[in-house]
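Per full-length UniProt numbering, residue 1 is the first one in the sequence shown, and the count goes up by one each step. Contents: one structure, followed by commentary.
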Amino acid sequence: MIKEQIQELAKNIYNDVVANRRHLHAHPELSFHEVETSVFVARKLEELGLEYHKMADTGLVALIKGDKPSDKVVALRADMDALPILEANDVSYKSTNPGVMHACGHDVHTSSLLGTAKILTDLKSQFGGTVKLIFQPAEEKLPGGASIMIKEGVLQNPTPDAVLGQHVMPLIDAGKVGFRAGKYMASTDELYVTVKGKGGHGAQPQQNVDPVIITAHILTALQQVVSRFADPKSPSVLSFGKVIANGATNVIPNEVYLEGTFRTMDEKWREEAHKRMKKMAEGIAESMGGSCEFNIMRGYPFLINEEVLTANTRGHAEDYLGKENVLDLDIWMAAEDFAYYSQVAKSCFYRLGTRNEARGITSSVHTPTFDIDETALQASTGLMAYLAIKQLGN
Numbered sequence: 001m002i003k004e005q006i007q008e009l010a011k012n013i014y015n016d017v018v019a020n021r022r023h024l025h026a027h028p029e030l031s032f033h034e035v036e037t038s039v040f041v042a043r044k045l046e047e048l049g050l051e052y053h054k055m056a057d058t059g060l061v062a063l064i065k066g067d068k069p070s071d072k073v074v075a076l077r078a079d080m081d082a083l084p085i086l087e088a089n090d091v092s093y094k095s096t097n098p099g100v101m102h103a104c105g106h107d108v109h110t111s112s113l114l115g116t117a118k119i120l121t122d123l124k125s126q127f128g129g130t131v132k133l134i135f136q137p138a139e140e141k142l143p144g145g146a147s148i149m150i151k152e153g154v155l156q157n158p159t160p161d162a163v164l165g166q167h168v169m170p171l172i173d174a175g176k177v178g179f180r181a182g183k184y185m186a187s188t189d190e191l192y193v194t195v196k197g198k199g200g201h202g203a204q205p206q207q208n209v210d211p212v213i214i215t216a217h218i219l220t221a222l223q224q225v226v227s228r229f230a231d232p233k234s235p236s237v238l239s240f241g242k243v244i245a246n247g248a249t250n251v252i253p254n255e256v257y258l259e260g261t262f263r264t265m266d267e268k269w270r271e272e273a274h275k276r277m278k279k280m281a282e283g284i285a286e287s288m289g290g291s292c293e294f295n296i297m298r299g300y301p302f303l304i305n306e307e308v309l310t311a312n313t314r315g316h317a318e319d320y321l322g323k324e325n326v327l328d329l330d331i332w333m334a335a336e337d338f339a340y341y342s343q344v345a346k347s348c349f350y351r352l353g354t355r356n357e358a359r360g361i362t363s364s365v366h367t368p369t370f371d372i373d374e375t376a377l378q379a380s381t382g383l384m385a386y387l388a389i390k391q392l393g394n
């Protein structure tokens, strides 16, 4: 049976996948600068006899066509970029690029998709249809590599019937995966705010327009956008993580600078919230004698897993891994540029367990100590190959 063949192939190539993952982990590159990563992936595709073409500068796209007749197409996506984090792990494959680290598992995603490509290439005679491999740059930085690749036609020639993606999750044990149908991850917008007043001596506030006090009112009032204007059935998050006044105990500054994030799962409400936040902040500042520049950098849309596709994909995962190893996921207010695919094509984005508490592998993504239980790489490669073949109707 095809399942047993895939499982055996995944076992046979496991050491190669680990080696590829460790190479990528040791040589991380930031968003839009994945030059050597792209060269490495291209070389591995050539070794498999696969032709590829470049997109979004460092992205690559390749096709694997089954020998049996079929017009069906499924796309498999992996992101390749790293984060500006100084790695703290003491491992042989530690980052050799100081201040840059694969702290979000994109090395896992890329090496896994290369492993999946090897399995599918070896099994071409046993399935029909086309698998489109998408090695995508710059998931971590706006405007997101997915949006650029889509504009450049990654979902055309041929157009996939479905797009599948996987992402590490250190909250789930290695060997398990998680699914959620429908809305899964939030949209994200970056907020850059400057509150302006008139600085001066702290002992003479009557001569000044205090931007610190104005900012305090704005920060408190803006939470009403979520608590009083948003539908409580639709999740929203508004957080400010940076507030810089640069005054002193006796110095009121001329301005205060803020940075924050707004996230939700409803595009119509997202637009309304943008207008409400801007109007409220500017109005408060003006009423208190100051002014406010409220700039919103629009980020990724919310991610939605198509219901039928996700149900079918989950069922195939249960068949491949066992029902006990497939979990339900809750909504996740983080953002992912895979959302761009989900807005224009039937998509399913699932989670790959990488945790091993007994070995102390529990750190969250985006931390200096993030790592994975590499046994997850056997599940990641084989499962995605199985899902692709099943999606193609084989």
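C-beta: ideal position from N, C-alpha, C; glycine also. Because the structure is a prediction, the values reported are computed rather than measured.
Taking only the alpha-carbon atoms, compute the straight-line gap between M288 and D79 and give it to the nearest angstrom. One C-alpha to the other measures close to 47 Å.
Integer-rounded CB distance, given that P232 should sit under 8 Å from V265: Looking at the sequence shown, residue 265 is not Val but Met. In this structure M265 is not in contact with P232, their Cβ atoms being roughly 13 Å apart against a cut-off of 8 Å.
Helix, strand or coil at I213 according to DSSP, with G and I counted as helix: Shown here, I213 sits in a helix according to DSSP, grouped into three states.
Can you list, in chain order, the residues of its chain with a C-beta nearer than 8 Å to that of A26? Leave out the 5 residues immediately preceding and following it. Excluding residues up to 5 positions away in sequence, Y93, K94, S95 and T96 lie with their Cβ nearer than 8 Å to the Cβ of A26 in the same chain.
Quick one: residues in its chain with C-beta nearer than 7 Å to the C-beta of R314, no 5 flanking neighbours on either side, listed in chain order? Taking C-beta separations shorter than 7 Å and ignoring five residues to either side along the sequence, the partners of R314 in its chain run F179 and V326, following chain order.
Grouping DSSP H, G and I as helix and E and B as strand, with all else coil, what is M101? Note: M101 maps to strand in three-state DSSP.
Element boundaries [alpha helix (DSSP H), containing M277]: Unbroken alpha helix (DSSP H) run through M277: E267 to S287.
With DSSP run on the structure shown, which of helix, strand or coil describes N250? DSSP, read as helix, strand or coil, puts N250 in coil.
Is it true that the CB of G241 sits closer than 9 Å to the CB of E259? Yes, Cβ-Cβ distance for E259 and G241 is below 9 Å.
Per DSSP, what kind of secondary structure is I148 in: helix, strand or coil? Collapsing the DSSP output to three states places I148 in a helix.
Neighbourhood of A281 by C-beta, 6 Å cutoff - its chain only, sequence neighbours within 5 removed: I218, C292 and F294.
Just checking, does the region 170-178 make contact with the region 108-119 on the three C-beta pairs under 8 Å criterion? Judged by Cβ distances under 8 Å, the region 170-178 makes no contact with the region 108-119, as fewer than three pairs qualify.
Buried or exposed for G200, going by 16 or more other Cβ atoms inside 10 Å? Answer is buried; the Cβ neighbour count reaches 16.
From D67, I119, M185 and V35, residue whose alpha carbon lies closest to that of Y341: For the residues D67, I119, M185 and V35, the minimum Cα distance to Y341 belongs to M185.
Nearest to F349 by alpha carbon, out of E307, G99 and E190? When C-alpha distances from F349 are compared across E307, G99 and E190, the shortest belongs to E307.
What does a CB cutoff of less than 6 Å around L309 pick up in its chain, not counting 5 residues either side in sequence? Correct list, in chain order: A162, K346 and C348.
Sequence-distant residues of the same chain with beta carbon closer than 7 Å to K268, five excluded per side: Beyond the five residues adjoining it in sequence on each side, K268 comes within less than 7 Å, by CB distance, of no other residue in the same chain.
Since A88 contacts P301 with CB under 8 Å, what's their CB separation in whole angstroms? Not confirmed; about 33 Å, so no contact.
Straight-line CA distance for N254 to V212? Rounded to whole angstroms, N254 and V212 show a C-alpha spacing of 9 Å.
Would you list the residues sitting across from V365 in a DSSP beta bridge? DSSP output for V365 lists no bridge partner at all.
Which class does G393 belong to by DSSP, given the choice of helix, strand or coil? Coil.
Excluding the 5 residues preceding and the 5 following V35 in the sequence, name in chain order all residues of the same chain whose CB lies nearer than 7 Å to its CB. Cβ neighbours of V35 within its own chain (closer than 7 Å, five residues either side excluded): E29 and T58.
Identify, in the order they occur along the chain, each residue of the same chain with its Cβ nearer than 6 Å to the Cβ of K44, setting aside the five sequence neighbours on each side. The beta carbon of K44 is closer than 6 Å to those of L114 in its chain, skipping five residues each way along the sequence.
Exposed or buried, what is Y151 when buried is set at 16 or more other beta-carbons lying within 10 Å of its beta-carbon? Checking the sequence, you will find Lys at residue 151 rather than Tyr. Around the Cβ of K151, a 10 Å sphere holds fewer than 16 other Cβ atoms; the residue is exposed.
Can you give the beta carbon distance from I148 to A56, rounded, assuming they're within the 8 Å contact cut? With 8 Å as the limit, I148 and A56 qualify as a contact, their Cβ atoms being about 4 Å apart.
Distance, Y386 Cα to G322 Cα: Linking G322 to Y386 through their CA atoms gives a straight-line distance of about 13 Å.
With R263 and T362 assumed to form a contact (beta carbons below 8 Å), what rounded beta-carbon distance in angstroms separates them? The beta-carbon distance between R263 and T362, rounded to whole angstroms, is 25 Å. This is too long to meet the 8 Å contact definition.
Quick one: Cα of G202 to Cα of A245, how far? Approximately 13 Å between the Cα atoms of the pair.
The beta strand (DSSP E) enclosing H167, as first and last residue numbers: Run containing H167: A162 to D173, per the beta strand (DSSP E) assignment.
If contacts are defined as beta-carbon pairs under 8 Å, then K3 and D319 qualify, I think. What distance do you get, rounded to the angstrom? Indeed, because the Cβ distance is near 7 Å, the residues count as touching under 8 Å.
Between H21 and E374, is the Cβ-Cβ spacing less than 9 Å? Per the sequence shown, residue 21 should be read as Arg rather than His. Going by C-beta atoms, R21 is nearer than 9 Å to E374.
I need the DSSP call for T264, collapsed to helix, strand or coil. Residue state, collapsed to three classes: strand.
Shortest alpha-carbon distance to N15 belongs to which of V168, G393 and A376? Nearest of V168, G393 and A376 to N15, Cα basis: A376.
Taking 7 Å as the limit between beta carbons, can you name the residues of its chain near L303, skipping five residues before and five after? Contacts found: Y184, M185, E336, F338, A339, S342 and F349.
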